[in-house]
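Numbering (our numbering), first residue to last: 138 to 280.
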């Protein structure tokens, strides 16, 4: 009788595999490949081999699947690792470019900045008024 896979271990293993791979890939792209642990370097080398054979999305998904299966076994999952959920390695079409995200954020903040968000008096004017008031009080009371 085959063992029943553990869902909680599978979720943890999947999240760890996705996060670790994304982190390692980003560090490698930033030039820190040699600073990565040997395990991470091996996984990235496997990814490069897959990348030479198939497209980027397929190589990424295959590497994450293999990493997930290894993590599942290391975390005590029994039997074969269950199939990954659908959110692994999202398509590039679903990823918002950093420039687009910044532009959207700028548009959103400028659109929300209406007339009610402007200060009625500039802070410098308030400060100057307070200084003048204190000077007037000192002169009036001989302080």
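Glycine included, each C-beta is placed from N, C-alpha and C at the ideal position.
Minimum C-alpha distance to residue i - residue among the options
| i | options | result |
| --- | --- | --- |
| residue 186 | 174, 214, 199, 262 | 199 |
| residue 148 | 219, 266, 265, 162 | 219 |
Residue i: first and last residue of the uninterrupted alpha helix (DSSP H) it sits in
| i | result |
| --- | --- |
| residue 183 | 175-190 |
| residue 195 | 193-211 |
Nonlocal neighbours in the same chain, by C-beta distance under 7 Å from residue i, ignoring five residues either side
| i | result |
| --- | --- |
| residue 278 | none |
| residue 274 | none |
Same chain only: Cβ atoms within 8 Å of residue i, ignoring 5 sequence neighbours per side
| i | result |
| --- | --- |
| residue 146 | 209, 212, 213, 214 |
| residue 170 | 164, 178, 181 |
| residue 195 | 187 |
Close Cβ partners of residue i (< 6 Å) along its chain, the five nearest in sequence each way excluded
| i | result |
| --- | --- |
| residue 189 | none |
| residue 229 | Caution is warranted here: a pLDDT of 46 is assigned to residue 229, below 50, making its placement in the model unreliable, and the coordinate value is therefore given only provisionally. So no residue of the chain qualifies. |
| residue 276 | none |
Sub-9 Å separation of residue i and residue j beta-carbons
| i | j | result |
| --- | --- | --- |
| residue 217 | residue 206 | yes |
Decide yes or no for the touch test of the region 148-156 against the region 169-177: beta carbon pairs closer than 8 Å, at least 3 of them.
-> no
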